[in-house]
């Protein structure tokens, strides 16, 4: 492991695997789970908006990792927890065994690593997830890791094993802490030996459906399991109704013939996993997150944004996100009078999977068919789009350049337009991927990392290593709302699917090769 610290004039190379432990008070703003301290991907404290891994600007430290991984880093008591695959010894497409990591958040020093074996092989570095995708969850005393190839393991913060369960989870689960319970998305039917989920389970009985499940954090025992079912690509986030009930909205429907029926959404009571109501939505693509706004569920269905009564499950409003929408261009710093129609072919999806996030009154998302960031004002129904560059091209001692979408005749598809395709090589030079789509632009048919918020800024990561920083409360979604466009490494060498996480004014990012801590040099 190569550790580089960029604070002042300190540069060091360390080979370290230490069992070092210091007790810290539990910080209220620790990012202890995928969805952050409040379960909404948001934190009040501001974080850096400008950085560059290529130019070493505002980079506090970088830990070079021996193997690929894509879990969002979680932070608790001065430690960062994440996972990678077990090191390969040759070019590889599949894997099932992972490694849980604990490092010092202040300097990147490795505190401990633990092997978590798996049972079912999945494709390495998948653009829809892999065995390492689920983020850890920390309760201040213990940390739970998921290997999406079939194991859940719990350790204390010194790395001592507490319990382990052989259970399959979906690789896009966003586990969260609920009191003394650990909630995740459990799966029953396994992938094929090639790491792909086939269509043969489309008529599977209810006992084989994917469900939300709560485990006792101390013992790993099952507390409850839902019965309504949910899709393997659904990003489940905890929330609360105005009457105090803790709930989640789950969705059914998507590709690969999922068995859970009917297509649509359900409101689940987190007290016991029971279903409060269900809303059928034929043709629903559930690979997104659903949030409550004043007891109303905000979601996308085909070409519309729906607002659903959170108490009754009845649709209140439908707003088109594809017809005659005001559209601005990043290169033009003014409010645009252009409009766009986004009905392209027979696409059932109109937003990039799991790219949406409700922030205040704005529901942000990325278009499925254009490199556009969109938002819906859930109070007024106003929809806006901003066309963004596809990718930043940062090179040492050279001014940054941007790649823009080419719509000319004969141009490559959106998903294939890159400065250079992702090499999909780990830090040791081995090629580690099993899905050719991982080499693409990160726009279009992929599962995106969910954006996150620190203070006034929305951080929108793209699989190609580009991160857009947006003033989320800007009065108009145009170029003036774009604060910065940053890199997580050189084009083609900084593949990542993890959301950015925050703690104490720092940003943590996890790419195919590195764990990165971003901090303002002025502090």
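In my numbering, the protein residues as written are 533 to 1055.
Cβ coordinates follow ideal geometry from the N, Cα and C atoms, glycine included.
Can the beta-carbon of residue i be found less than 9 Å from the beta-carbon of residue j?
i: residue 917; j: residue 983; result: no
i: residue 847; j: residue 883; result: no
i: residue 802; j: residue 710; result: yes
i: residue 816; j: residue 845; result: no
i: residue 618; j: residue 631; result: yes
i: residue 653; j: residue 958; result: no
i: residue 922; j: residue 950; result: yes
i: residue 717; j: residue 664; result: no
i: residue 998; j: residue 1017; result: yes
i: residue 1019; j: residue 932; result: yes
i: residue 656; j: residue 700; result: no
i: residue 661; j: residue 726; result: no
i: residue 1052; j: residue 598; result: no
i: residue 786; j: residue 764; result: yes
i: residue 629; j: residue 681; result: yes
i: residue 769; j: residue 573; result: yes
i: residue 720; j: residue 736; result: yes
i: residue 895; j: residue 1003; result: no
i: residue 1000; j: residue 889; result: no
i: residue 708; j: residue 571; result: yes
i: residue 595; j: residue 924; result: no
For chain B, check one thing: does any of its Cβ atoms lie closer than 9 Å to the Cβ of residue i?
i: residue 694; result: In the structure shown, chain B does not exist; there is a single protein chain.
Buried or exposed: where does residue i fall if 16 or more other Cβ atoms within 10 Å of its Cβ makes it buried?
i: residue 792; result: buried
i: residue 783; result: buried
i: residue 738; result: exposed
i: residue 731; result: exposed
i: residue 751; result: exposed
i: residue 578; result: exposed
i: residue 863; result: exposed
i: residue 658; result: buried
i: residue 856; result: exposed
i: residue 693; result: exposed
i: residue 814; result: exposed
i: residue 1045; result: buried
i: residue 602; result: buried
i: residue 774; result: exposed
i: residue 942; result: exposed
i: residue 746; result: buried
i: residue 688; result: exposed
i: residue 673; result: exposed
i: residue 728; result: exposed
In three-state DSSP terms, what is residue i?
i: residue 941; result: coil
i: residue 734; result: coil
i: residue 740; result: helix
i: residue 1022; result: coil
i: residue 772; result: strand
i: residue 673; result: coil
i: residue 946; result: helix
i: residue 680; result: coil
i: residue 1011; result: helix
i: residue 957; result: strand
i: residue 899; result: strand
i: residue 555; result: Confidence in residue 555 is poor, its pLDDT being 35 and thus under 50, which makes the residue's placement too unreliable to answer from.
i: residue 970; result: helix
i: residue 894; result: strand
i: residue 525; result: Here the chain has residues from 533 to 1055 only, and residue 525 is not among them.
i: residue 828; result: strand
i: residue 633; result: strand
i: residue 858; result: strand
i: residue 1000; result: strand
i: residue 863; result: coil
i: residue 993; result: strand
i: residue 931; result: coil
i: residue 546; result: Residue placement at residue 546 is flagged as unreliable, the pLDDT there being 38, under the threshold of 50; a coordinate-derived value is accordingly withheld.
i: residue 1017; result: strand
May I ask which residues mark the beginning and end of the beta strand (DSSP E) holding residue i?
i: residue 919; result: 915 to 919
i: residue 688; result: 683 to 688
i: residue 850; result: 847 to 852
i: residue 1033; result: 1033 to 1035
i: residue 783; result: 778 to 784
i: residue 760; result: Per DSSP, residue 760 belongs to no beta strand (DSSP E) and is neither H nor E.
i: residue 1044; result: Note, residue 1044: premise wrong, no beta strand (DSSP E); not H, not E.
i: residue 810; result: 807 to 812
i: residue 907; result: 904 to 909
i: residue 986; result: 984 to 986
i: residue 802; result: Per DSSP, residue 802 belongs to no beta strand (DSSP E) and is neither H nor E.
i: residue 837; result: 836 to 841
i: residue 883; result: Careful: residue 883 lies outside any beta strand (DSSP E) and carries neither H nor E.
* Asked: At what residue ranges does the region 572 to 625 contain a whole run of the beta strand (DSSP E), taking only runs of 3 or more?
  -> 591 to 596, 606 to 608, 611 to 617
* What are the start and end residues of each continuous beta strand (DSSP E) run of 3 or more residues lying completely inside the region 692 to 719, in chain order? -> 693 to 697, 708 to 710, 713 to 718
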